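Engineer: Sending over a structure as structure tokens; questions will come in a sec.
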């Protein structure tokens, strides 16, 4: 059975395949090593982006969201 992007993103993160390059208010960038290739993910004014060829939300973005997305506690 093929992994969903969310499951694979969690696995990429727990396997230490995500390296944060920059994290500041309004901007986040990281590299994520997928199945052999390294892709860049970023969040900025234009929203989230990834350099992989996927045309939908990919596992690399899911891995980044797990550590970069604000939690409810951040807004209280």
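Residue numbers (the working numbering): 2 to 77. The C-beta atom is built at its ideal place from N, Cα and C for all residues, glycine as well. Note that the coordinates shown come from a computational prediction; the quantities given were computed from them, not determined experimentally.
#1: Whose CA, out of 33, 55 and 46, lies closest to the CA of residue 64?
#2: Could you check which residue in 59, 46, 21 and 39 has the C-alpha nearest to that of residue 8?
#3: Under the rule that 16 or more other beta-carbon atoms within 10 Å means buried, what is residue 1, buried or exposed?
#4: Among the candidates 56, 30, 19 and 39, whose CA atom is the shortest distance from the CA of residue 45?
#5: Should residue 14 and residue 35 be called a contact, given that it needs their Cβ atoms to be closer than 8 Å?
Structural biologist: Taking the geometry as given:
#1: Within the chain shown, the letter at position 63 stands for residue 64. Cα-wise, what sits closest to residue 64 is 33.
#2: Working through the chain shown from its first residue, we reach residue 8 at position 7. Answer by Cα proximity: 59.
#3: Look at the range of the chain in this structure, 2 to 77, and you will see that residue 1 is not part of it.
#4: For this step, residue 45 is matched to residue 44 along the chain shown. The shortest Cα separation from residue 45 among 56, 30, 19 and 39 belongs to 30.
#5: Within the chain shown, residue 14 is the residue found at index 13, counting from 1. Within the chain shown, residue 35 is the residue found at index 34, counting from 1. Result no, Cβ atoms of residue 14 and residue 35 do not sit closer than 8 Å.
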